[in-house]
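To start, the structure itself, in structure tokens.
There are 2 protein chains.
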Amino acid sequence: MGSREYGQFCGLARAAEVLGQRWTMLILRDLLVGPRRYSDLVAGLPGIPTNLLATRLKELERDGIVVREARDRPDRSIVYRLTARGADLGPALDALGRWGAATMHAPRDGEIVTDASLTTALRVAAQGGRAPDQQSVTYTIRAGDAVAHAVVRGRQVEVAPGESPSPDLVLTAGPGFRDLLAGAITPEEALADGSVEITGDPDLLDAFAATFVVPYATRALDNR
Amino acid sequence: MGSREYGQFCGLARAAEVLGQRWTMLILRDLLVGPRRYSDLVAGLPGIPTNLLATRLKELERDGIVVREARDRPDRSIVYRLTARGADLGPALDALGRWGAATMHAPRDGEIVTDASLTTALRVAAQGGRAPDQQSVTYTIRAGDAVAHAVVRGRQVEVAPGESPSPDLVLTAGPGFRDLLAGAITPEEALADGSVEITGDPDLLDAFAATFVVPYATRALDNR
DNA sequence: CGGGATCCCCCGAGATACTG
DNA sequence: CAGTATCTCGGGGGATCCCG
């Protein structure tokens with residue numbers, strides 16, 4: 062048994078052999094947002110040793126999860142893209158992200174938010190909410206140095222990193238923004254205490270809070 | 062940033078800090094089946110260093126995922142049990158197991174099946190199938206040295222490790238059993254080529270194959 | 001005998017410098 | 001931009017030992 066295998070004919074063991082390697086889940090999180098260059102990945106994963114990123118990308122390519130695209134690029138840049146098999150990890154990684162977010166109250170010291178993590182968080186949040194019936198609405202969300210935007214058309218929510226050219230509402234996350242996503246505070250309270258600052262129609266903040274929901278884990282009194 | 066953290070305020074990063082540690086996913090897989098003693102875990106995880114198991118259990122306890130129950134046990138044994146927070150990992154780990162199983166054709170050299178992994182596989186398989194309308198049916202499934210049993214009542218499927226006292230059908234998995242679960246071969250073919258051996262009513266094998274389904278990943282021709 | 005703790009070795013991760 | 005090279009160091013693997 063190699064240092065990566067578990068010696069068990071088990072689906073979870075096979076998944077653990079891939080995802081249990083350090084940094085792999087975060088690399089895949091960023092690639093789930095879209096194809097990325099090596100330097101994009103380095104920028105979105107502060108602290109990752111560059112040799113480790115190179116090793117992981119090779120492993121993921123060998124395992125059929127990622128493809129390295131070099132040819133047919135006029136700008137000669139190299140792009141890493143998920144295969145269909147890699148994209149199949151989306152539901153599982155979203156479920157893990159939802160589980161992790163359920164006890165995530167405030168950032169630990171020095172913790173940052175990246176465009177990819179914010180985009181992922183909003184994608185997961187969109188699965189937990191239910192957009193009110195209305196025409197197309199575009200949000201831009203800022204959290205720390207990260208920016209993402211979301212376009213909501215009926216039940217359809219599309220989230221992408223970066224600015225939106227023409228947002229209906231711009232939200233800037235404050236210290237209690239996570240509480241707003243959990244429904245622990247109302248949009249009105251969030252505005253009052255600086256949990257969120259907005260530019261645009263305040264009524265749209267109610268729509269936002271209904272569309273994007275990430276509940277907190279209920280603290281069981283009896284912990285069994 | 063410690064050697065376990067990622068320095069990102071991100072749900073998936075938080076999950077990775079727990080599940081990215083070696084052996085942790087398999088420990089949780091076994092505990093999802095039910096409370097287990099230290100020695101049960103050692104037996105179900107061949108190759109795990111005992112000190113590492115002890116370390117992991119302490120970390121999981123500190124993180125509120127596992128509780129250690131010592132008191133009130135007449136036989137003085139210690140049992141590890143998932144908290145509500147730990148049990149919340151069920152859907153995410155099942156999704157990971159489904160992803161891993163989708164490309165799992167045959168065991169690699171020396172790979173084994175444990176009671177817990179077989180039980181987990183059947184639980185995941187029950188989510189992918191649809192039991193035909195019938196009265197209560199009990200199956201006993203053997204794969205390698207592992208044994209599990211399942212009780213199917215309508216849409217309700219309950220899977221547990223070990224023998225069933227009174228099974229309606231006993232299945233012993235052969236080399237092509239995985240193909241049967243994927244629907245790549247019919248129950249008749251599976252019987253003919255030794256992919257499965259049964260004791261009991263052969264018609265129940267059709268019901269089994271409809272109830273427990275784990276599809277193979279479709280091999281995309283265009284791998285994007 | 002169940003439930004660990006201790007020890008040593010070594011590989012993989014971190015950090016940083018360097019290169020095609 | 002996209003990695004490779006090199007070094008150091010901590011955590012995992014493996015065996016053994018210990019304690020109630």
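The listed protein sequences correspond, in order, to chains A and B.
Residue numbers for the first sequence follow the numbering used here, beginning at 62 and rising by one.
Residue numbers for the second sequence follow the numbering used here, beginning at 62 and rising by one.
Beta carbons: idealized from backbone N, C-alpha and C, even for Gly.
Note that the structure is a prediction, hence the values are computed from the model and not measured.
query: Need the endpoints of the beta strand (DSSP E) that P222 (chain B) sits in, please.; result: Q217 to P222
query: Quick check: the Cα distance between V220 (chain B) and A177 (chain B), rounded to an integer number of angstroms?; result: 10 angstroms
query: Is the Cβ of R184 (chain B) closer than 8 angstroms to any Cβ of chain A?; result: no
query: Determine whether the Cβ of T175 (chain B) lies closer than 8 angstroms to any Cβ atom of chain A.; result: yes
query: Give me the Cβ distance between V274 (chain A) and A186 (chain A), rounded to the nearest whole Å; I'm assuming they're in contact under 8 angstroms.; result: 6 angstroms
query: Looking at the strands, I want to know which residues DSSP matches up with R137 (chain A).; result: Answer is none; R137 (chain A) lacks a bridge partner.
query: Ignore the nearest five residues each way along the sequence and tell me which others in T85 (chain B)'s own chain have a CB closer than 6 angstroms to its CB.; result: R117
query: Out of A:A131, A:E130, A:L102 and A:A268, which one is the CA nearest neighbour of L230 (chain A)?; result: A:A268
query: A251 (chain A) and G237 (chain A): beta carbons closer than 8 angstroms?; result: yes
query: What's the gap between the Cα of R159 (chain B) and the Cα of A153 (chain A)?; result: 9 angstroms
query: By the criterion of Cβ-Cβ separation under 7 angstroms, what are the contact partners of R159 (chain B) in chain A?; result: G72
query: Please check if any C-beta of chain A sits within less than 8 angstroms of the C-beta of Y277 (chain B).; result: no
query: So with CB distances below 8 angstroms, who are the chain A contacts of L92 (chain B)?; result: Under the 8 angstroms cutoff, chain A gives no residues; its nearest Cβ is about 12 angstroms from L92 (chain B).
query: By the criterion of Cβ-Cβ separation under 8 angstroms, what are the contact partners of R83 (chain A) in chain B?; result: G81
query: Do you know offhand how far A211 (chain B)'s Cα is from N112 (chain A)'s?; result: 47 angstroms
query: Below 8 angstroms, can you find three or more Cβ-Cβ pairs linking the region 163 to 172 of chain B to the region 134 to 149 of chain B?; result: no
query: Going by DSSP, which residues form a beta bridge with R203 (chain A)?; result: A:V208 and A:T233
query: Residues of the region 188 to 206 of chain B with a CB closer than 7 angstroms to any CB of chain A: list them in chain order, please.; result: none
query: Whether or not the region 72 to 79 of chain B and the region 77 to 95 of chain A are in contact is what I'm after, with contact meaning three or more pairs of Cβ atoms, one per stretch, closer than 8 angstroms; do they touch?; result: yes
query: Can you give me the Cβ contacts of L179 (chain A) inside the same chain, cut-off strictly under 7 angstroms, excluding the 5 residues immediately before and after it?; result: I202, A204, A207 and A209
query: Mapping DSSP to helix, strand and coil, what is L143 (chain A)?; result: strand
query: At the level of alpha carbons, what is the spacing between R285 (chain A) and L150 (chain B)?; result: With a pLDDT of 47 at R285 (chain A), under the threshold of 50, the predicted position of this residue should be treated as unreliable, though the coordinate-derived value follows. Taking the straight line from one Cα to the other gives about 14 angstroms.
query: What's the gap between the Cα of A192 (chain B) and the Cα of R280 (chain B)?; result: 27 angstroms
query: Please identify the residue among A:I246, A:D240 and A:A234 whose C-alpha is closest to the C-alpha of T260 (chain A).; result: A:A234
query: Starting from the C-beta of Q196 (chain B), find all residues in its chain whose C-beta is less than 7 angstroms away, skip the five residues before and the five after it, and write them out in chain order.; result: none
query: Starting from G190 (chain A) and walking both ways along the beta strand (DSSP E), at which residues does that stretch end?; result: G190 (chain A) -> no beta strand (DSSP E), and no H or E assigned at all.
query: Rounded to whole angstroms, how far is the Cβ of G190 (chain B) from the Cβ of T272 (chain B), which I believe are closer than 8 angstroms?; result: 5 angstroms
query: When burial is assigned at 16 or more other CB atoms within 10 Å of the CB, is P222 (chain A) buried or exposed?; result: buried
query: Going along the chain, which residues of its own chain have a beta-carbon closer than 6 angstroms to the beta-carbon of D283 (chain A), five neighbours each way excluded?; result: Legend: pLDDT at D283 (chain A) = 48, less than 50; position of this residue unreliable, value from coordinates given subsequently. Once the five neighbours on either side are set aside, D283 (chain A) has no close Cβ partner at all.
query: Any beta carbon of chain A sitting closer than 8 angstroms to that of Y141 (chain B)?; result: no
query: From the beta carbon of E172 (chain B), is the nearest beta carbon of chain A less than 8 angstroms away?; result: yes
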